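Visitor: Before anything else, here's the structure in question.
Residue numbers (UniProt numbering): 1 to 243.
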């Protein structure tokens, strides 16, 4: 083995162990864990509440075995193997994501279009069609009270057809909202939340039987604040890909 190869292996090993130790410290701090708690136990515990750890749980457990092997190698002054560049890059990305998860804002900043509860449904339905919106937050007295979805409009139309009455495009949005089949279709989150927070929130609501159609990002996560951004079901693949 040449000196260059040895230097490369040592560099990869150093980077791997540095990232490993960073993850260990972060998990230990988050869980307020004692020094005798193993890395594997930290990972298993973290996977219960952290989407990032959950997604990479098995890889981290395998990396723990590799770390123990590498430390033993150094103790014995043996050069038997080294982590691959792919493993090192993955560990470093995980360490960075855990230390500084990407915030929702500004990545998902948007000029969120809303409607008033008194707006005519015909006007809003046309707006949704033109802008290709699947949902629009509904405001009453400065407070977001509901989420008007394309599905809710479809249910209203179906109910109107069943009564064999004409559509009233001037009917206020407020009259259409009761046709929603999901009363817990949206939730608020504050602007400092990150991607992991958003995915954890979606999973938490899903376990409660709520399939969120949207997450509204406001300054402090309150319905009285103007949304700074909106995440919908169509954003889920991109969110998960960030982990």
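Just so it is clear, CB atoms sit at the ideal spot from N, CA and C, and this is done for glycine as well. Given the structure is predicted, the values throughout are model-derived calculations rather than measurements.
Which whole-angstrom value describes the C-beta separation of residue 136 and residue 227, a residue pair presumed to lie in contact below a C-beta threshold of 8 Å?
Guide: By one-based count along the chain shown, residue 136 stands at place 136. By one-based count along the chain shown, residue 227 stands at place 227. Not confirmed; about 11 Å, so no contact.
Visitor: Look up residue 116 in the DSSP assignment and give the residues it is bridged to.
Guide: As a working mapping, residue 116 is identified with position 116 in the chain shown. Residue 116 pairs with 139.
Visitor: How is the alpha helix (DSSP H) around residue 169 delimited, first residue to last?
Guide: On the chain shown, residue 169 is found 169 positions in, with the first residue counted as 1. Taken as a continuous stretch (DSSP letters only), residue 169 belongs to no alpha helix (DSSP H), as it is neither H nor E.
Visitor: Relative to the C-alpha of residue 157, which residue among 142, 138, 141, 177 is closest?
Guide: Counting from one through the chain shown, the residue named residue 157 turns up at place 157. Checking every option, the nearest Cα to that of residue 157 belongs to 177.
Visitor: I'd like to confirm the pairing. Which residues does DSSP put opposite residue 93 in its beta bridges?
Guide: As a first step, residue 93 is located in the chain shown; it is residue number 93 there, counting from the start. Residue 93 is not bridged to any residue.
Visitor: Pick helix, strand or coil for residue 26, following the three-state DSSP scheme.
Guide: Indexing the chain shown from 1 puts residue 26 at position 26. Helix.
Visitor: Please report the Cβ distance between residue 51 and residue 199, rounded to the nearest whole angstrom; I am assuming they are in contact, meaning their Cβ atoms lie under 8 Å.
Guide: Residue 51 sits at position 51 when you count from the first residue of the chain shown. Residue 199 sits at position 199 when you count from the first residue of the chain shown. Residue 51 to residue 199, Cβ: 4 Å. Contact.
Visitor: Assuming residue 190 and residue 232 make a contact with CB atoms under 8 Å, what is their CB distance in whole Å?
Guide: Taking the chain shown and counting its residues from 1, one reaches residue 190 at position 190. Taking the chain shown and counting its residues from 1, one reaches residue 232 at position 232. Between residue 232 and residue 190 the Cβ distance is about 18 Å, and since that is not below 8 Å, they are no contact.
Visitor: Within the same chain, show all residues whose beta-carbon is closer than 6 Å to that of residue 143, passing over the 5 residues directly before and after it, in chain order.
Guide: Counting from 1 along the chain shown, the entry for residue 143 is found at position 143. Once the five neighbours on either side are set aside, the close Cβ partners of residue 143 are 223, 224.
Visitor: Beta-carbon within less than 6 Å of residue 221's beta-carbon, same chain only, minus the 5 sequence neighbours each way: which residues are those?
Guide: Locating residue 221 in the chain shown gives position 221, counting from the first residue. Excluding positions up to five away in sequence, the list reads 188, 189, 190.
Visitor: Roughly how many angstroms separate the alpha carbons of residue 173 and residue 213, rounded to a whole number?
Guide: Looking up residue 173 in the chain shown gives position 173. Looking up residue 213 in the chain shown gives position 213. Computed Cα separation, rounded: 18 Å.
Visitor: For residue 95, count neighbouring Cβ atoms within 10 angstroms of its own Cβ and tell me buried if that reaches 16, exposed if not.
Guide: Here residue 95 corresponds to residue number 95 of the chain shown, with the count starting at 1. Result: buried.
Visitor: Short of 6 Å in beta carbon distance, which residues of its chain neighbour residue 84, apart from the five on each side in sequence? Order them along the chain.
Guide: Translated into the one-based positions of the chain shown, residue 84 becomes position 84. Cβ neighbours of residue 84 beyond the five flanking positions: none.
Visitor: On the premise that residue 57 lies in contact with residue 43, defined as a C-beta separation below 8 Å, what is that separation, rounded to the nearest angstrom?
Guide: Translated into positions along the chain shown, residue 43 becomes position 43. Translated into positions along the chain shown, residue 57 becomes position 57. So it is a contact: roughly 6 Å between Cβ atoms.
Visitor: Out of 146, 152, 121, point me to the one whose CA is closest to residue 170's CA.
Guide: On the chain shown, residue 170 is found 170 positions in, with the first residue counted as 1. Closest by alpha carbon: 121.
Visitor: Could you compute how far the alpha carbon of residue 18 sits from the alpha carbon of residue 151?
Guide: The residue given as residue 18 occupies position 18 in the chain shown. The residue given as residue 151 occupies position 151 in the chain shown. Spanning the two alpha carbons is a distance of roughly 50 Å.
Visitor: Do residue 229 and residue 146 count as a contact pair if the criterion is CB distance below 9 Å?
Guide: Position 146 of the chain shown, counted from the start, is the residue given in the question as residue 146. Position 229 of the chain shown, counted from the start, is the residue given in the question as residue 229. Their beta carbons are not under 9 Å apart, which means residue 146 does not touch residue 229 by this criterion.
Visitor: For a test of the three-state rule: what should DSSP assign to residue 1, helix, strand or coil?
Guide: Residue numbering aside, residue 1 sits at position 1 when the chain shown is read from its first letter. Residue placement at residue 1 is flagged as unreliable, the pLDDT there being 48, under the threshold of 50; the coordinate-derived value follows with that caveat. Coil at residue 1, not helix or strand.
Visitor: If distances are taken between C-alpha atoms only, which option among 23, 86, 114 comes closest to residue 216?
Guide: Walking along the chain shown from the start, residue 216 turns up at place 216. Answer by Cα proximity: 114.
Visitor: Please work out which residues of its chain come closer than 8 Å, Cβ to Cβ, to residue 155, disregarding the five sequence neighbours upstream and downstream, and give them in chain order.
Guide: Working through the chain shown from its first residue, we reach residue 155 at position 155. Closer than 8 Å at Cβ, skipping near neighbours: 179, 180, 181.
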